[in-house]
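Participant:
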Amino acid sequence: MDLSMPILAAVGPQINFVALAPFGLLLAAIALLPLILGEWWHKNRNKAIFAFLVGAPIAIYLWSLPKGTEALWHGFEEYVQFIALIFSLYVIAGGIVLTGDLNATPRINLGYLAVGALIANIIGTTGASMLLIRPLLRTNRDRHNKSHLPIFFILIVSNCGGLLTPLGDPPLFMGFLRGVDFWWNLRLAPQWFLVNGYLLALFYVWDYRAYARETPRDRREEERHVHPLGVYGWKLNGFLMLCIVGAVIAKKDMTVFPVSELIMLACAIVSWVFTPQSVRAGNHYSWQPIIEVAVLFAAIFTTMIPVLVTLTQHGKGVHLTNGWEYFWLTGLFSSGLDNAPTYMAMANLAAVSNNCDGLRELSLQRPELLAAVSCGAVFMGANSYIGNGPNFMVKAIADHSGYHMPSFFGYVLMAGAILMPVYLLATLLFFI
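Each residue of the sequence shown is one higher than the one before, counting from 0 in numbering that gives the first Met the number 0.
#1: Does the beta-carbon of V398 have 16 or more other beta-carbons within 10 angstroms, so that it is buried, or is it exposed?
#2: With distances taken from CA atoms, which of M419, K394 and A416 is nearest F407?
#3: Of the choices S383, T320 and S333, whose alpha-carbon is the least far from that of N353?
#4: In this structure, does DSSP put D398 in helix, strand or coil?
#5: Quick check on DSSP: helix, strand or coil for G229?
#6: Assuming W183 and H147 form a contact by the criterion Cβ under 8 Å, report the distance between their Cβ atoms to the nearest whole angstrom.
#7: Would you list the residues sitting across from I100 in a DSSP beta bridge?
#8: Between Q103 and R218, what straight-line distance do the alpha-carbon atoms span, to the nearest angstrom?
#9: Candidates F378, A414, Y384 and E360: which alpha carbon is nearest A116's?
#10: What are the complete beta strand (DSSP E) segments, minimum 3 residues, inside the region 260-348?
#11: When the Cα atoms are used, what is the spatial distance from V421 to M129?
#12: Is the Cβ-Cβ distance between N108 and G160 less than 8 Å?
#13: Thinking C-beta only, is A246 closer than 8 Å to I262?
#14: Any chance the region 385-394 sits against the region 344-359, with 3 or more Cβ pairs inside 8 Å?
#15: Are the region 264-274 and the region 54-64 touching by the rule of at least three beta carbon pairs closer than 8 Å?
#16: Count the other CB atoms within 10 Å of the CB of S277; is the residue buried (16 or more) or exposed (fewer)?
#17: Leaving out the 5 sequence neighbours to the left and right, which residues in its chain are closer than 7 Å to D1 when beta-carbon positions are compared?
#18: Looking only at its own chain, which residues have a Cβ that is under 8 Å from the Cβ of V225, when we skip the five neighbours before and after it?
#19: For N282, collect the residues of the same chain with a Cβ closer than 6 Å to its Cβ; drop the 5 residues on either side in sequence, then sort them by chain order.
#20: So what's V179 in DSSP terms, helix, strand or just coil?
#21: May I ask you to report which of helix, strand or coil DSSP gives L2?
#22: May I ask you to report which of helix, strand or coil DSSP gives K145?
#23: Within 10 Å of its beta-carbon, does M419 have 16 or more other beta-carbons around it, so buried, or fewer, so exposed?
#24: Can you tell me whether A381 is buried or exposed? The criterion is at least 16 other CB atoms within 10 Å of its CB, across all chains shown.
#25: Cα-Cα, which of A83, P33, R140 and Y210 is closest to P257?
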């Protein structure tokens, strides 16, 4: 049961509007500091300092309110649930490595992206990205016309593929924590097929034409480096992944917090202890990405509480009742901000402004609005390097591998040119 709406409503009359500022400041920092203070922001210690300075005053402020303590504790529970899933998927996915070098034909590349779009719904967009990006880049290392590959990888595997389950993308899991049924996202299969089918078809045409420009000598050189594909660590970690999925599905029946989270943590520990470190070395495994997520989302979950309280209190005065409005507003904010808190803000706005008691009731009474918010957050998180967590990670790996990646605004323009037609088509078909 989603208890957040009654809790937020109880806190509402006590919130000072000044308490909304830290949330906006945090999101602005996530969007801009990597661009203007990249070297400083790259260190997780500095992120932790900034997150503490932004989040601690809000925690103290909420603690001082009679009903704020309950809201703060509820936010802490949701944070633990969120991090337990992200952490366990990250550790387990890092224990599976793909080796080998296939022939870099358009069909092979299409296969990488199609598989990535599917498994993103099981191991998350971050897990799928980290599992497949290096094999894809390694497969195409001898090609000259290949700069489009990581772009489409970000669009499909790191974003649009993860729409069908709460495991796929952080925004959807946050919705699950707030009462949306685990299987609810499967109703978004038509949107998933439309957007990913369009991207895969466009990629194949693009890659086919690029491959045709490779010289016969380049193709022979590519064929000389072909080695069979090998998968290591998949037996243990595949089983553990199924355990994670089972723990998440059964979560609604585990009323005692944090039973499900302890199961996830146990799976992560088993993966870490029994997966050979040589396998993780093959993935260039690092703790830095998951530490970054843990630090920033601690501040996000804290500073988001006053925003959600205010939306609960004043959202009925916002008259947004159409799916296309939520699709585009959620998408535009997700393009420049992190898509997880954007999803929460817009989903709560949809619930309050349409007289729904929480996201579960929204998913039952106005499913078209929650569908619009979900699609806007997941699809349009692909519009920039900072719209979703894996985007910048894939860019960094591609840069390090010798691929020429566009600048921040160059990527925005390219992603917009590729995605805008299917956004408009999705709007006409599903959200009007």
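Even for Gly, the Cβ is constructed at its ideal location relative to N, Cα and C.
Facilitator: To lay it out plainly:
#1: Rather than Val, the amino acid found at residue 398 in this sequence is Asp. When all chains shown are included, D398 counts as exposed.
#2: K394
#3: T320
#4: helix
#5: strand
#6: About 34 Å; that fails the 8 Å criterion.
#7: Reading the sequence as shown, one finds Asp at residue 100 and not Ile. For D100, which the question treats as bridged, DSSP gives the partners H226.
#8: It should be noted that the sequence gives Ala, not Gln, for residue 103. Distance between the alpha carbons of A103 and R218: 9 Å.
#9: Here the closest residue by C-alpha is F378.
#10: none
#11: 26 Å
#12: no
#13: yes
#14: no
#15: no
#16: The residue is exposed, with fewer than 16 neighbouring Cβ atoms inside 10 Å.
#17: Note that D1 scores 48 on pLDDT, short of 50, meaning its location in the model is unreliable; the coordinates nonetheless yield the value given after this. Around D1: R177, G178, G357, L358 and R359.
#18: D100, L101 and N102
#19: G93 and V96
#20: coil
#21: Residue confidence is low: L2 scores 44 on pLDDT, short of 50, so the model does not pin down where it sits. Its coordinate-derived value is still stated next. In the structure shown, L2 sits in coil (DSSP, three-state: anything other than H, G, I, E or B).
#22: coil
#23: exposed
#24: buried
#25: A83
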